[in-house]
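In terms of our numbering, the sequence shown opens at residue 73 and continues consecutively. Written below as structure tokens is the structure these notes are about.
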Amino acid sequence: MAIDYADVIVDLQYGDTGKGKVAHHLAASDEYDMVLRYNGGANAGHTVYHNGKKIVMHQVPVGVLHGKVSIIGPGCVVDIPALVKEIKELNAAGIATEGLIFVDKRAHVVTGDHLYEDKHDTKIGTTKRGIGPAYRDKYNRTGITIGQMEDRNNPYDWPDCPFEIIDIYKLLHQSTFKYRVLCEGAQGFHLDIDWGEYPYVTSSHCTVGSACLNGIPPHKIRRVYGVLKAYETYVGNRANYTDESNPIFQEIQRVGQEFGATTSRPRKVNWMNLDKVIQAMQINGVSHMIINKADILQEVGKFGVIHHEKEYQFTNYVAFNAFVTSILYEHVNRLATITWSLSPNGI
Ligand code: IMP
């Protein structure tokens, strides 16, 4: 076995919770040799601050910024031209990627037809990155994998290809090196194809099980990092998600700059829903929790949370923090730590 251990990052809400920042922070430590992206595709927008520069990553695992082996796993769908562009932009920003970015041969290709079809979505409010059509064709057994694409030597410029196609099985299970893996998830629990609010979901698995689907055996999972925000946001066409006319939510949206990293769409704001967070934590077996953007609520000066379908408001951060912390420890046995983040750069 060539895996020492794997830690998995999952999102406990609807995406956009700061997983990129958490992955960037963890990947900087000497606890990991490899970062594995395990679901989704270019629908993700992981924003990180690296050496003082803001960088938005869509398909490339954040680990590459720290010179770590970065793998796009078999559970992902890949838009090859967009991936090549993203890597070239990283290089232009001074990030060395040579010999670091790998795509598993089983990952499926997002084609021009997928992109065209998704551009016309009006039902779900997708990111229009061809994700649904690509996964549909995968499950319909009419898709094309990266490996098949390479065999056919098809339209892409393989000699200049800035990534390498590999068999992740060989790397994770047949090499002599013992990898310590950080698994970087995309989207969020309540967008998950099985657990989200269907049909207003993405087309991939966004739970800890999704990391296992990429070749990580369950018994190798050491920690599960659950990431969320101190409030909730959602982007998509689901009706009656929140009261968009609420001036507090409008203020949180403004101060928190809640606009999509991939599509620039405004994110709808609501209070953190503890019942939904607890469900996501239980199903993912979260051991370590990071609550981002608590500083935004501090700046706005309003604190609220939904629990058992009732809204609670607090006059100050300390009372809000104490309420949320006590409920979470009460409901989730495995939970070891809760970290409240008050800064866009740090944890
Ligand atoms: P798709 O993943 O582009 O098919 O979009 C399906 C739903 O998931 C839509 O409501 C999108 O707004 C949402 N979604 C997909 N990726 C993300 C993400 O990275 N952050 C937030 N929402 C996302």
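We put the CB at the ideal spot given by N, CA and C, even for glycine.
Straight-line Cα distance separating residue j from residue i
i	j	result
Ser336	Gln246	42 Å
Val404	Asp185	44 Å
Ala164	Lys191	29 Å
Pro290	Tyr104	18 Å
Ile167	His380	47 Å
Gly113	His277	12 Å
Gln259	Asp83	7 Å
Tyr251	Cys148	20 Å
Leu263	Gly308	10 Å
Thr397	Thr279	22 Å
Ile320	Ala99	35 Å
Asn123	Lys93	13 Å
Phe261	Gln85	6 Å
Tyr270	Ile350	19 Å
Val236	His130	It should be pointed out that residue 236 corresponds to Glu in this sequence rather than to Val. Each residue's Cα considered, the two are about 18 Å apart.
Thr314	Leu137	36 Å
Thr214	Leu243	27 Å
Val182	Thr169	22 Å
Leu108	Ala302	26 Å
Cys233	Lys140	19 Å
Asp79	Asn212	32 Å
Ile218	Ile399	45 Å
Phe395	Gln370	16 Å
Gly90	Glu222	34 Å
Met344	Ile378	6 Å
Lys348	Thr119	24 Å
Gly322	Ala283	The residue you asked about is not Gly; residue 322 is Gln in the sequence shown. Rounded to whole angstroms, Gln322 to Ala283 spans 35 Å at the Cα level.
Thr199	Thr387	37 Å
Asp354	Tyr110	According to the sequence as given, residue 354 is Gln; it is not Asp. Those two C-alpha atoms are separated by around 20 Å.
Glu158	Thr274	22 Å
Helix, strand or coil at residue i according to DSSP, with G and I counted as helix
i	result
Lys301	strand
Asn212	coil
Pro338	strand
Ala78	strand
Glu330	coil
Asp232	helix
Val404	coil
Asn345	strand
Asn417	coil
Lys195	coil
Gln246	coil
Asn393	helix
Ala311	coil
Gly202	coil
Asn356	helix
Ser398	helix
Glu316	coil
Beta bridge counterpart(s) of residue i as assigned by DSSP
i	result
Met361	Gly298 and Ile410
Tyr384	Val377
Ile238	Asp176
Asp83	Val299
Thr217	His180
| At which residue ranges does the stretch 86-174 contain complete beta strand (DSSP E) runs of 3 or more residues, listed in the order of the chain? | 106-109, 118-122, 125-129 and 141-144
| task | Report the residue ranges of all alpha helix (DSSP H) runs contained in full by the stretch 249-309; include only those spanning at least 4 residues, in chain order. | result | Runs found: 280-284.
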